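K.L.:
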Amino acid sequence: IRIYYENTNNAYLNKCLATMMDNLERASSKICCNCGAPAVCTSKGWILPYCLKCAQEWNTAANQRHKTDYS
Numbered sequence: 004i005r006i007y008y009e010n011t012n013n014a015y016l017n018k019c020l021a022t023m024m025d026n027l028e029r030a031s032s033k034i035c036c037n038c039g040a041p042a043v044c045t046s047k048g049w050i051l052p053y054c055l056k057c058a059q060e061w062n063t064a065a066n067q068r069h070k071t072d073y074s
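Last residue of the sequence shown? That's 74 in our numbering, and every number before it is there in order.
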């Protein structure tokens, strides 16, 4: 997850926003980007978290697209 925001004139609010963004980014790395299940692995290239089922589907699709073996 990536969210952009502008700093405010309120230092306390800026700190709260930064903490919230850090927590959301950390949590999103543990959730499958495809189905929302707990993530157990990440894709190659772009760092995308996947559950085992979605990772296997992604690998199968990538192998077909590129005629390679990403097992």
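In this text, a Cβ means the ideal position worked out from N, Cα and C, and glycines have one as well. Small disclaimer: the values here were computed from a predicted structure and weren't measured.
#1: Under the three-state reduction of DSSP, which class applies to Thr22: helix, strand or coil?
#2: Beta carbon of Leu20, beta carbon of Tyr7: below 8 Å?
#3: Ends of the alpha helix (DSSP H) at Leu55?
P.N.:
With the given structure in hand:
#1: helix
#2: no
#3: 55-69
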